[in-house]
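Below: the structure, in structure tokens.
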DNA sequence: CAAACAGTTGAACATCTGTTCATATATAAG
DNA sequence: CTTATATATGAACAGATGTTCAACTGTTTG
């Protein structure tokens, strides 16, 4: 029973080599996984979800968001920083205000697809 | 200067009432935000992203995933629990093994859309 | 039955994360 | 220049989270 499973480096469990090979052939890079995780981590917080939803309705300044979410401008600003870092929002300064809006249509797409999943998750 | 902005409960900042009304009219529920955040939080971790990607290639048992990601079966199992809780994966027992696969097409859609965003985020 | 294998689970620990608070920057108004 | 408003930022603290370790359940095999 000389299988093609090399058990030299360490003891190998009884696995499914074909399936494993199939995954390995897909060439999924470490940094792609990291980037995806970082993006979703940014989306994975209710305050930031609320901010993004609000910005999907209208362009808003920090002050507006602060009132809408009933949170301090500081807290909002900290979250906007993360949203900016993940390229989920853009901003422009106008006088004393800084107006934020969604960066592109991908963001709304992610929110929509996520919402659909949550609905199915609960209804069906 | 009697504005329609009621400053009774607490001192109000100079905001943009029209934009705020626009957001409030959208009726975005608290539990929708929570559900979305929970979903994305589950997606927001590189180990889980790798698991989901692997499962998008083939149905796999814990053992396979353990070898693919070079992690202990325990660590994998803990993460699979979260993925199950968010209805991102299904599973079936077959003998000693438990095989996992993606729950529905939404999951791949989210991964695809996320990947596109990450690519744009870096290239452009 | 006992032994081996596959998977799950709870506790513990280190790390990460969101909000608060104080402070700093920037623009506008007096 | 001084004051007020709008926003940003760093430190700090409490709460959340991922992996490890040990113990446990369930299935197959001898």
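Chains as they are written, first to last, in this note's numbering: chain A, 459 to 582; chain B, 459 to 582. For every residue, glycine included, the Cβ atom is placed at its ideal position computed from N, Cα and C.
The beta carbons of residue 561 of chain A and residue 548 of chain A sit closer together than 8 angstroms. In the three-state reduction of the DSSP assignment, residue 486 of chain A falls in the coil class. DSSP lists A:557 as the bridge partner or partners of residue 550 of chain A. The beta carbon of residue 566 of chain B sits no closer than 8 angstroms to any beta carbon of chain A. Within chain A, 473, 474, 477 and 478 have C-beta atoms less than 7 angstroms from the C-beta of residue 522 of chain B, given in sequence order. Put simply, the region 506 to 522 of chain A does not touch the region 477 to 492 of chain A. Fewer than three CB pairs are less than 8 angstroms apart. Chain-order list of chain A residues neighbouring residue 507 of chain B: 491, 494 and 495, by C-beta distance under 7 angstroms. The Cβ atoms of residue 533 of chain A and residue 502 of chain B lie no closer than 8 angstroms to each other. In the DSSP annotation of this structure, the continuous segment of the alpha helix (DSSP H) that includes residue 533 of chain B starts and ends at 531 to 543. Chain B has a Cβ within less than 8 angstroms of the Cβ of residue 498 of chain A. Within chain B, 478, 481 and 482 have C-beta atoms less than 8 angstroms from the C-beta of residue 526 of chain A, given in sequence order.
If you ignore the 5 residues before and after residue 530 of chain A, its C-beta comes within less than 7 angstroms of the C-beta of 524, all in its own chain and listed in chain order. For residue 512 of chain B, the uninterrupted alpha helix (DSSP H) segment begins and ends at 504 to 515. Among the bridge pairs identified by DSSP, residue 519 of chain B is matched with B:557.
Residue 564 of chain B carries a helical assignment under DSSP once its states are collapsed to helix, strand and coil. Counting every other CB atom within 10 Å of its CB across the protein chains shown gives residue 543 of chain A a total below 16, marking it as exposed.
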